[in-house]
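Start counting at 1 in the sequence shown, then tack on 13, and there's your number in our numbering.
Yeah, the Cβ is synthetic: ideal placement off N, Cα and C, and Gly gets one too.
Note that the structure is a prediction, hence the values are computed from the model and not measured.
Take a look at the structure below.
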Amino acid sequence: MRIVADIMLLGWPVVSLVLFSVLRPRQAVLASLLAGWLLLPQKVGFKLSGLPDYTRVTSVVLGLVLGVLVFDLSRLSGIRLGRFDLPIVAWCLCPMASSVANGLGIYDGISGVLTHVIFYGIPYFIGRLYFSDHIGMRELAIGLIVAMLCYVPLILFELRMSPQLHKHVYGFLQIPFKMIWRLGWYRPMVFLRHGLELGVLIAGAALVAVWLWRSRSIIRIGWLSARFAALILLVVSLLCRALNGYFVLFMGLGALYTTKMFKSRAVVILLALFPIFYCL
Numbered sequence: 014m015r016i017v018a019d020i021m022l023l024g025w026p027v028v029s030l031v032l033f034s035v036l037r038p039r040q041a042v043l044a045s046l047l048a049g050w051l052l053l054p055q056k057v058g059f060k061l062s063g064l065p066d067y068t069r070v071t072s073v074v075l076g077l078v079l080g081v082l083v084f085d086l087s088r089l090s091g092i093r094l095g096r097f098d099l100p101i102v103a104w105c106l107c108p109m110a111s112s113v114a115n116g117l118g119i120y121d122g123i124s125g126v127l128t129h130v131i132f133y134g135i136p137y138f139i140g141r142l143y144f145s146d147h148i149g150m151r152e153l154a155i156g157l158i159v160a161m162l163c164y165v166p167l168i169l170f171e172l173r174m175s176p177q178l179h180k181h182v183y184g185f186l187q188i189p190f191k192m193i194w195r196l197g198w199y200r201p202m203v204f205l206r207h208g209l210e211l212g213v214l215i216a217g218a219a220l221v222a223v224w225l226w227r228s229r230s231i232i233r234i235g236w237l238s239a240r241f242a243a244l245i246l247l248v249v250s251l252l253c254r255a256l257n258g259y260f261v262l263f264m265g266l267g268a269l270y271t272t273k274m275f276k277s278r279a280v281v282i283l284l285a286l287f288p289i290f291y292c293l
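Below you can see the structure in the form of structure tokens.
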């Protein structure tokens with residue numbers, strides 16, 4: 014079964030190129046990113062001497078880069094970097110400074126910089142290219158909702174049968190089986206790293222769906238009404254039994270309705286600043 018995981022990792026850049034050939038660039042980026050993140054195997058990869066390991070993240074990022082270079086190269090000329098991009102540049106260069114300061118040498122520093130560029134830098138700049146305006150952010154939100162609605166049948170399967178899909182498809186579980194029982198029932202994972210990751214992801218999708226529905230930004234998502242889509246994601250989010258997902262969902266909903274009630278953005282601003290204060 015490991016061969017299936019290897020084929021998926023190595024073949025995903027080809028899938029991305031196919032998506033770019035049949036979809037508009039922004040849609041192709043969305044489809045490649047979300048499908049790759051939701052479907053590719055965990056805990057497998059290839060060791061590359063002198064380079065970051067080839068993992069699911071590398072596979073997705075490589076597919077996106079190839080797609081942009083082959084099918085939408087002209088868009089790169091439109092990007093303009095500014096002072097708001099400095100934090101991600103600094104973050105990508107941090108491993109070099111850390112390596113030199115700790116006497117590990119330039120070689121380890123370069124390896125760390127490459128890893129940060131693949132994991133953080135390239136995804137950030139692809140986001141800047143395609144999702145930095147109102148239309149792009151709206152399509153990103155709808156894409157997340159659609160992706161998680163497609164994930165719902167798999168989540169319900171694992172709720173009923175236990176989190177075994179990754180094992181059935183790729184031959185192994187992401188985490189020990191004893192860690193999938195929470196709050197009196199199974200906590201699904203599907204093809205993600207952990208049930209907590211799935212919980213946050215679907216909670217975020219549910220929050221976005223409620224927000225778009227209540228603001229009347231969308232009326233329908235495919236053949237579903239926006240209200241029904243939001244309800245499905247809310248219910249499944251609660252069934253996922255992830256406390257971090259509950260926190261994201263209820264804090265976000267509280268901010269949404271408080272903002273609407275008092276006509277003030279203060280709560281949303283405080284919520285956005287919360288991760289910074291938490292880290293401090």
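Closest by C-alpha distance to residue i, when choosing among the options
i, options, result
"Pro166", "His147, Tyr259, Phe204 and Cys105", "Phe204"
"Arg206", "Leu47, Leu32, Leu53 and Phe33", "Leu53"
"Ala222", "Thr128, Trp236 and Leu247", "Leu247"
"Gly91", "Val126, Ser145 and Lys180", "Ser145"
"Arg15", "Val249, Gly184 and Ser250", "Gly184"
Nonlocal neighbours in the same chain, by C-beta distance under 7 Å from residue i, ignoring five residues either side
i, result
"Lys60", "Asp66"
"Arg96", "none"
"Leu79", "Pro26, Ser29 and Leu30"
"Met264", "Leu284"
"Leu43", "Glu152, Leu153 and Gly156"
"Met21", "Leu53 and Pro54"
Counterpart residues of residue i in DSSP-defined beta bridges
i, result
"Leu67", "Inspection of the sequence shows that residue 67 is occupied by Tyr rather than by Leu. In DSSP, Tyr67 forms a bridge with Phe59."
"Trp194", "Tyr199"
"Leu238", "Here residue 238 turns out to be Ser, not Leu, going by the sequence shown. Answer is Arg233, bridged to Ser238."
Contact set for residue i: own chain, Cβ-Cβ below 8 Å, skip 5 residues either direction
i, result
"Gln177", "Glu171 and Leu186"
Beta-carbon proximity list for residue i, same chain, < 6 Å, skipping 5 on both sides
i, result
"Arg195", "Arg254"
"Ser277", "none"
"Arg200", "Ile193, Gly208 and Arg254"
"Phe33", "Ala41, Gly80 and Phe84"
C-beta contact flag for residue i and residue j at 9 Å
i, j, result
"Tyr143", "Gly149", "yes"
"Val159", "Gly49", "no"
"Pro38", "Val73", "no"
"Leu162", "Ala103", "no"
"Met202", "Ile215", "no"
"Arg227", "Lys180", "no"
"Val126", "Cys105", "yes"
"Val213", "Val261", "yes"
Cβ separation of residue i and residue j, assumed to be a contact under 8 Å, to the nearest whole Å
i, j, result
"Gly266", "Leu220", "Contrary to the premise, residue 266 reads as Leu rather than Gly in this sequence. Contact holds; Cβ gap of about 7 Å."
"Met109", "Ile123", "7 Å"
"Leu47", "Ile139", "Incorrect: roughly 13 Å between the Cβ atoms, too far for contact."
"Ala239", "Ile245", "At roughly 11 Å, the Cβ-Cβ gap does not stay under 8 Å, so Ala239 and Ile245 are not in contact."
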